[in-house]
Structures are given as C-alpha cells and as structure tokens.
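In my numbering, each residue's number is its place in the sequence shown (first place is 1) plus 6.
Down below is the structure, laid out as structure tokens.
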Amino acid sequence: MKPAIADGHVVTIHYRLTLDDGSVADDSAGGEPLVFLQGSRNIVPGLERQLAGKKVGDKCDVVVPANEGYGEYDPAAEQSVPKNQFPPNTEITVGMAFQTKGRNNQPMSVWVRALKDDQVIITANHPMAGQRLNFSVEVLDVRRATADEKKHGHAHGPGGHHHH
Ligand code: ZN
Numbered sequence: 007m008k009p010a011i012a013d014g015h016v017v018t019i020h021y022r023l024t025l026d027d028g029s030v031a032d033d034s035a036g037g038e039p040l041v042f043l044q045g046s047r048n049i050v051p052g053l054e055r056q057l058a059g060k061k062v063g064d065k066c067d068v069v070v071p072a073n074e075g076y077g078e079y080d081p082a083a084e085q086s087v088p089k090n091q092f093p094p095n096t097e098i099t100v101g102m103a104f105q106t107k108g109r110n111n112q113p114m115s116v117w118v119r120a121l122k123d124d125q126v127i128i129t130a131n132h133p134m135a136g137q138r139l140n141f142s143v144e145v146l147d148v149r150r151a152t153a154d155e156k157k158h159g160h161a162h163g164p165g166g167h168h169h170h
C-alpha cells in the first residue's frame, strides 16, 4: 500500500496549470510527469500544502492564490528602459526573457512585460507573479524518499544518477 502524500515522500503527478484567463500555462500530459520531494518546496507552496494527504489515483483540482504561488506582482521590480539602450537590430517582443545585471552586478533574469512608445518595460517578477494558479492534478505515485534524496532536498530518478 502506497503512503498518502506527506513531507519526505517523493510524489509523481501529471498536472495541467490553467490561468484565470483560460490559457494553459503548463501541461505535463503526453510528456514526462512531474516528480518532486514533498516538503522541500520543489513546487509552489500552495500546491504542496493542498496535495498533502492525497493518494495514488486521486484526481483533484487545486486552486492556489498568487501569494502561495509565484508571489504577488511587485511593481518595484519593474523598470522602464529606453529602446535605444538595447543592441541595435534586436527584435524586442513582449514575453522575451534575457539576463541583465542587477544590484551588486549580480546576473538577474528579467523579461519584457510591455512596450510603450520608445520604452521597454522590463520586470524581474516571475512571469506568473500575481496570478491565481488553477491546477488539475492526477497523483501517479507516492513513495518514501531515500536518505540521499532527503539530504539533497529533491527527488532522484531511477538509479539515483543525476547531475547538479
Ligand atoms: Zn540530488
């Protein structure tokens, strides 16, 4: 008998993530299922919390508010940059992601949120920040994590070989 989902278990799910506008942001159907270590924040906190106690074969819809998902949208993480500061002949499109240097010259991932006249609005917010996440989940497997997995804080594939 497989255990119910609890901290310290490796969980395998298929899931579909739909945003409130009806768009499907992610769908594991037809591909590899998601394997994660419950209790180690491998997945957004609200999904982890609501999956606790679920069992193999369970199918459920899980609604995760932004603050338990990718966070609220932080306007302070948004910046307006003149287009002419980008390399010439660069086609700038909404949603485009790139690396820039943030405070202390640390590399920072940002993406283009909007284009306004000659300004490019870039943001360091997660692309799904501020969004409610509607998950449709099917639990495929639950097993106890190995000591190694617990130490690493994530699930290992069959054979336990992987790179960091
Ligand atoms: Zn590892």
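Beta carbons are placed, not taken as given, at the ideal position from N, Cα and C, and that holds for glycine.
Asked	Found
Assigned secondary structure, R119 (DSSP; H/G/I helix, E/B strand, else coil)	strand
Check whether K156 and G14 have beta carbons under 8 Å apart	yes
Length at least 4, wholly inside the region 39-87: the alpha helix (DSSP H) runs in chain order	51-57
Closest residue to I128 among R149, Q137 and V118 (Cα-Cα distance)	V118
Whole-number beta carbon distance between R138 and V70, since they are thought to touch under 8 Å	7 Å
Any non-hydrogen atom of the ligand ZN closer than 7 Å to H15 Cβ	no
Inter-stretch contact at 8 Å, needing at least 3 Cβ pairs: the region 130-144 / the region 9-23	yes
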